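Protein chains: 2
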Amino acid sequence: MPARRARGVSIEDVARAAGVSRQTVSNAINAPQRLRPETLDRVTELIREMGYSPDQSARSLRSGTRRIIAYTTPETDPANPNALMSGFLEALVAASGEVGYRILLVRPRPGQPQEKAIDEVIAGGGADAFLLSDVLDGDTRVEHLAAGGFPFAVFGRTGAGLPQSWVDLDSARAMADLVGLLAGRGHRHVGLLTMSLDQPWLRHRAEGFRAGVRGHGLTCVEATADDPESAVAAGRELLGGRPAPTALVVIDDWLAPAAYAAAQAEGLVVGADLAVAGFNDMPYAALLQPPLTTLRLPLRRIADALVGRLLTIIDDGVTPETGLLLPGEIVVRASLP
Amino acid sequence: MPARRARGVSIEDVARAAGVSRQTVSNAINAPQRLRPETLDRVTELIREMGYSPDQSARSLRSGTRRIIAYTTPETDPANPNALMSGFLEALVAASGEVGYRILLVRPRPGQPQEKAIDEVIAGGGADAFLLSDVLDGDTRVEHLAAGGFPFAVFGRTGAGLPQSWVDLDSARAMADLVGLLAGRGHRHVGLLTMSLDQPWLRHRAEGFRAGVRGHGLTCVEATADDPESAVAAGRELLGGRPAPTALVVIDDWLAPAAYAAAQAEGLVVGADLAVAGFNDMPYAALLQPPLTTLRLPLRRIADALVGRLLTIIDDGVTPETGLLLPGEIVVRASLP
Numbered sequence: 001m002p003a004r005r006a007r008g009v010s011i012e013d014v015a016r017a018a019g020v021s022r023q024t025v026s027n028a029i030n031a032p033q034r035l036r037p038e039t040l041d042r043v044t045e046l047i048r049e050m051g052y053s054p055d056q057s058a059r060s061l062r063s064g065t066r067r068i069i070a071y072t073t074p075e076t077d078p079a080n081p082n083a084l085m086s087g088f089l090e091a092l093v094a095a096s097g098e099v100g101y102r103i104l105l106v107r108p109r110p111g112q113p114q115e116k117a118i119d120e121v122i123a124g125g126g127a128d129a130f131l132l133s134d135v136l137d138g139d140t141r142v143e144h145l146a147a148g149g150f151p152f153a154v155f156g157r158t159g160a161g162l163p164q165s166w167v168d169l170d171s172a173r174a175m176a177d178l179v180g181l182l183a184g185r186g187h188r189h190v191g192l193l194t195m196s197l198d199q200p201w202l203r204h205r206a207e208g209f210r211a212g213v214r215g216h217g218l219t220c221v222e223a224t225a226d227d228p229e230s231a232v233a234a235g236r237e238l239l240g241g242r243p244a245p246t247a248l249v250v251i252d253d254w255l256a257p258a259a260y261a262a263a264q265a266e267g268l269v270v271g272a273d274l275a276v277a278g279f280n281d282m283p284y285a286a287l288l289q290p291p292l293t294t295l296r297l298p299l300r301r302i303a304d305a306l307v308g309r310l311l312t313i314i315d316d317g318v319t320p321e322t323g324l325l326l327p328g329e330i331v332v333r334a335s336l337p
Numbered sequence: 001m002p003a004r005r006a007r008g009v010s011i012e013d014v015a016r017a018a019g020v021s022r023q024t025v026s027n028a029i030n031a032p033q034r035l036r037p038e039t040l041d042r043v044t045e046l047i048r049e050m051g052y053s054p055d056q057s058a059r060s061l062r063s064g065t066r067r068i069i070a071y072t073t074p075e076t077d078p079a080n081p082n083a084l085m086s087g088f089l090e091a092l093v094a095a096s097g098e099v100g101y102r103i104l105l106v107r108p109r110p111g112q113p114q115e116k117a118i119d120e121v122i123a124g125g126g127a128d129a130f131l132l133s134d135v136l137d138g139d140t141r142v143e144h145l146a147a148g149g150f151p152f153a154v155f156g157r158t159g160a161g162l163p164q165s166w167v168d169l170d171s172a173r174a175m176a177d178l179v180g181l182l183a184g185r186g187h188r189h190v191g192l193l194t195m196s197l198d199q200p201w202l203r204h205r206a207e208g209f210r211a212g213v214r215g216h217g218l219t220c221v222e223a224t225a226d227d228p229e230s231a232v233a234a235g236r237e238l239l240g241g242r243p244a245p246t247a248l249v250v251i252d253d254w255l256a257p258a259a260y261a262a263a264q265a266e267g268l269v270v271g272a273d274l275a276v277a278g279f280n281d282m283p284y285a286a287l288l289q290p291p292l293t294t295l296r297l298p299l300r301r302i303a304d305a306l307v308g309r310l311l312t313i314i315d316d317g318v319t320p321e322t323g324l325l326l327p328g329e330i331v332v333r334a335s336l337p
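Sequences listed follow chains A and B, in order.
1 is the number of the first residue of the first sequence in the UniProt record's numbering; add one for each residue after it.
1 is the number of the first residue of the second sequence in the UniProt record's numbering; add one for each residue after it.
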C-alpha cells in the first residue's frame, strides 16, 4: 500500500510537521472524534496546507466507513418546497453531524430509475448506508437495498419479510388522540376531509381517525378531495349534512384553507361555530386566521432514531428486529372552539 | 496500482461478466454520461452484485474528480425551515444532478468553526469543490477557501481581491423595478419597512429602493424593525406620517403580515387604500389576504449558473473574472391597488 501520493506528500510528512504520530494523522481523517479539538484542528489544517491526499480505498478498508449517509431526497418545487421534508432534512443533518456523519443527497438523473442511482453510489463507494423517505407500499428501493444487503434505514415503514430498520410517526395513534381532544371538548359528530391517494401515511391517519371515533363513541362523515377547489365543495357537502358535524379534521394541513373557505361559505365561524384540525403543522398553519390546531411530527427525534439505527447496522452489523413508532405532538391553536 | 481489491473482484472480472471492455467499466464509475443508459445500467448492476469496489484514490487521480460538490448548508428551524434556502437546495440538487454531480451537505459540529469543517472535507478527499451561501462581508469561509486554492463558488458575492466565482440576484435592480411598478401605478410617496441587520442582501435591497425612489422622482420614508411586534409599530408610524405613504415596501416577506396588521390598525384596506409589496416570494406570500405582490428569485437559474461556474473551475482550472448578477421576477398579486 503506497504511503506516498502523487503530489509527493506522505502521511509521515504531515505527522512530522504536526509533531504527532502517523496514527494521529490517520485518526484526524478516519476517527476525528478520538482527538482533542486542538490536535484535530492543527492536523487537518496541515493536511490541507501540505496538500496531503489520503488513499480513499485504503482508508475505507482500514476504518470500514466513509462516514457518509446517502439520502434519496424527494423532489419538490423550488418555489414552494415541502416544508415537512425540508424540516426533516435539517433534522437529519443535525442528527448525523453530531455523530460525525455527513449527508450525501441522491437524486436519479432524468429518466433514471431510483435503484440505478442507488447502485451508482454503492458501486462508487460513496456512502456507508442509505436512508429512504416517502416510502410507498412495495417500494422497489427497499426491496433493492434489502436484496443487496447494503445498510439502510427508512423514514416510513417496510413490509413483512423485509429488514425492519424503520422509524415512523405513530400516525394512527396521533389521529386517534386528535379525535379524543375533540370528544373531550364535547364534539359528538365529526367530519374527515381526506384524499383519494393511497399513500401509507394517509391510510394510517384515516384508520386512526376511525378508531378514535369508535373509541370515543362518536359518529362521523367523510369526503375526499385532491385539489383546493374540490376540497371546498367537499367541505361544504360535509357541513351541509344533517346532522352537521361540529368539527372537521383535514388529513393534511394543505386542506385546511379549503375547510375554512367551506365554513365561511356555510356561514360558520371557524373557532366559534366549527372546530377545524389538521396534520403536519406546516409553517402556514400558525398563520391561518384563526391559527390551525394540528399535529406536529417529532422530526428531530425521528432523525436521531434513524441515525442511531444506521450506526448499529454499520458498526455492529445488526439490523433492528422491529420498526419504531414515535408519538406526535398536538399543537392546540384557536381553530378549536 | 492493484486492480484486484480486498474482496477479490477485479475490474476485469466485472468487464468479463458484462461483456464489455475494462474502459467501459471504468467509464460507468467515472464518466457515466459517456455510456448508453442500457450499458450503464447493466454494468452498475454487476458492479453492485459482484461487490466490486473501485480504488477511490486511483479513480480520483485518473478522472481528477469525485463528482461531488460540498455545500455548507445554513442552519434552520426544522419546525419552520427557511423556504428560500430549501428551494435553493432543491434547485441545486436538480442542477448538479443534470451534469452528474451530487451534493454533500457540510455542517460544522457543535462549536466547530466553519473553516475546520471545510478542512475536514478537503483533507478526506470528500469533494471536488465547495459551494457557499449566506455569505457575509469579510466571510472567513471565502477567505479560507481562496487562500487554500480549493475550487469554490458563492451564492452571494465575494469582496475585491478575492476570486469572483459568485452568482447573485441583482437585488438592487429588482427593488428599483418594484419601486418603478409602484410609480407606474401613480404612487408618489412610498414607505420602506426594513431591518437593522447589516446583511449584504438587505443593504443591496435598501440601496435599490432608494435608487428607484430617486430615479422615479418619488419621496420616501423608512422605518426599521427586527421582530413582528415592533414591525407593526414601525408600520403604523410610517402610515401615520403626513403626508402618509400610499405604498409600503417590506424588505423581506416576513414583515408583510406586520404591514397588513399596521394597515388594519390605521383603518386602511391593503390592496384598496394601501399598496404593500414584499421580497423573496415565500410560500405564504400567496396565502396572505390579500395575496402579496413580491419579488421571486430565479433559484434554478442561479443554481445552474453556480454549477456551470464550478465545472469551469474543476475541469478547466479557470476562475471567472467577474461575478454574475441575475434578474428577479416581480410576482404581481392583489396587495397592489
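Ideal placement from N, C-alpha and C gives every residue a C-beta, glycine not left out.
Quick caveat: nothing in here was measured; it's all calculated off a predicted structure.
| Asked | Found |
| --- | --- |
| Using the rule of at least 16 other Cβ atoms within 10 Å of the residue's Cβ for burial, across every protein chain shown, is residue 90(A) buried or exposed? | buried |
| From what residue to what residue does the alpha helix (DSSP H) around residue 90(B) run? | 83-97 |
| Give the interface partners of residue 351(A) over in chain B, defined as CB-CB distance under 9 Å, in chain order. | Lying before the first or after the last residue shown, residue 351(A) is absent from chain A, which here runs from 1 to 337. |
| Below 8 Å on the Cβ atoms is my contact criterion, and I expect residue 271(A) with residue 178(A) to pass it. Report the Cβ-Cβ distance as a whole number of Å. | Contact doesn't hold; Cβ gap of about 16 Å is too wide. |
| Specify, as a first and last residue, the run of the beta strand (DSSP E) that residue 352(A) falls within. | Past the boundaries of the shown model lies residue 352(A); chain A is included only from 1 to 337, so the question cannot be answered. |
| For residue 85(B), which residues from the same chain have a beta carbon less than 6 Å from its beta carbon, with the 5 sequence-adjacent residues on both sides left out? | 74 |
| Once you ignore the five residues that flank residue 224(A) on each side, which residues in its own chain have a CB closer than 6 Å to its CB? | 194 and 196 |
| Apply the 10 Å Cβ neighbour rule to residue 36(B) and answer buried if 16 or more other Cβ atoms are within range, or exposed otherwise. | exposed |
| Residue range of the alpha helix (DSSP H) that residue 201(A) falls in? | 200-215 |
| Please confirm if residue 188(B) has its CB atom under 8 Å from at least one CB of chain A. | no |
| Three or more C-beta pairs under 8 Å: does that hold for the segment 316-334 of chain B against the segment 112-128 of chain B? | no |
| Looking at residue 294(A) and residue 279(A), is the spacing between their C-beta atoms short of 8 Å? | yes |
| Return the chain-ordered list of same chain residues with a C-beta closer than 7 Å to the C-beta of residue 209(B), the five sequence neighbours on each side being excluded. | 175, 179, 192 and 249 |
| Please go through the same chain and pick out, in chain order, the residues whose beta-carbon is closer than 8 Å to the beta-carbon of residue 265(A), but skip the five residues on each side of it. | 232 and 236 |
| Between 137(B), 317(B), 182(B) and 125(B), which has its C-alpha nearest residue 216(B)'s C-alpha? | 182(B) |
| Rounded C-beta distance between residue 103(B) and residue 69(B)? I'm assuming under 8 Å. | 6 Å |
| Would you say residue 153(A) lies against chain B (beta-carbon separation less than 8 Å)? | no |
| Would you tell me roughly how many angstroms separate the C-alpha atoms of residue 298(B) and residue 93(B), rounded to the nearest one? | 15 Å |
| Determine the chain A residues that contact residue 41(B) at a beta-carbon separation under 7 Å, and present them in chain order. | 116 |
| Check the Cβ-Cβ distances between residue 300(B) and every residue of chain A, and say whether any is below 8 Å. | yes |
| Could you tell me the distance, in whole angstroms, from the CA atom of residue 331(A) to the CA atom of residue 160(B)? | 49 Å |
| Would residue 142(A) pass as a contact of residue 307(A) if the rule is Cβ separation under 8 Å? | no |
| Taking DSSP's pairing of strands, which residues face residue 155(B) in a bridge? | 167(B) |
| Can you check whether the C-beta of residue 119(B) is within less than 8 Å of a C-beta belonging to chain A? | yes |
| Expressed to the nearest angstrom, what Euclidean distance is found between the alpha-carbon atoms of residue 95(A) and residue 304(A)? | 5 Å |
| Can you name, in chain order, every residue of its own chain whose Cβ lies under 7 Å from the Cβ of residue 150(A), other than the five neighbours on each side? | 122 and 130 |
| Just the C-alpha distance for residue 59(A) and residue 309(A), rounded to the nearest angstrom, thanks. | Note on residue 59(A): pLDDT 41, under 50, position unreliable in the model; the coordinate value appears next. Straight-line Cα distance between these residues: approximately 23 Å. |
| Between 311(A), 333(A), 241(A) and 40(A), which lies nearest to residue 119(B) when the distance is taken from Cα to Cα? | 40(A) |
| Within 8 Å of any Cβ in chain B, is that where the Cβ of residue 310(A) sits? | no |
| For residue 285(A) and residue 296(A), I'd like the C-alpha separation in whole angstroms. | 11 Å |
| Rounded to whole angstroms, what is the Cα-Cα separation between residue 252(B) and residue 14(B)? | 55 Å |
| According to DSSP, what are the bridge partners of residue 80(A)? | 77(A) |
| Look at the Cβ atom of residue 148(B), then the Cβ atom of residue 135(B), and state whether they are nearer than 8 Å. | no |
| Compare the C-beta of residue 305(A) with all C-beta atoms of chain B and state if any pair is closer than 8 Å. | no |
| Starting from the beta carbon of residue 109(B), find every residue of chain A whose beta carbon is closer than 8 Å, and list them in chain order. | 97, 98 and 100 |
| Take residue 204(A) and list the residues in its own chain whose beta-carbon comes closer than 6 Å to its own, dropping the five residues that flank it on each side. | 171 and 172 |
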